Amino acid sequence: RTGDTVARLDLPGGTVPPLAVAVEFQAEPDPLMFGRLLGYISQIWMQLKPDPERGSRFQVVSVVLNLTGNQ
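So for the sequence shown, our numbering puts the first residue at -19; every next one is plus one.
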């Protein structure tokens, strides 16, 4: 599986490790979305590294954008 979008955010000052933000869009509510997001962010955390340093990891964040409702 692949998430819709993964963005890297580097906060100013360099005191916080880079963030990897998984963004999911859904047109209809999905009761399993929480579990899917856990799967996405666990893959990001295990597979992606912000730099080549040993043990370096992203902090992971997820966002769900619900594209439902009135226009």
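Even for Gly, the Cβ is constructed at its ideal location relative to N, Cα and C.
Just so you know, these numbers come straight off a predicted model, no measurement behind them.
Practice prompt. Using the DSSP secondary-structure output, state which residues sit across from Arg(-12) in a beta bridge.
Written response: Ala0
Worksheet item: Leu12 by DSSP, collapsed to three states: which one?
Response: coil
Fill in: Whole-angstrom C-beta distance between Leu12 and Ser42, which should lie under 8 angstroms
Not a contact, Cβ separation roughly 14 angstroms.
Worksheet entry | Same chain, Cβ closer than 6 angstroms to Val40, neighbours up to 5 away in sequence not counted | Ala0, Ile21, Ile24 and Trp25
Worksheet item: So Val3 packs on Thr(-15), CB below 8 angstroms; how close in whole Å?
Response: Between Thr(-15) and Val3 the Cβ distance is about 4 angstroms, and since that is below 8 angstroms, they are a contact.
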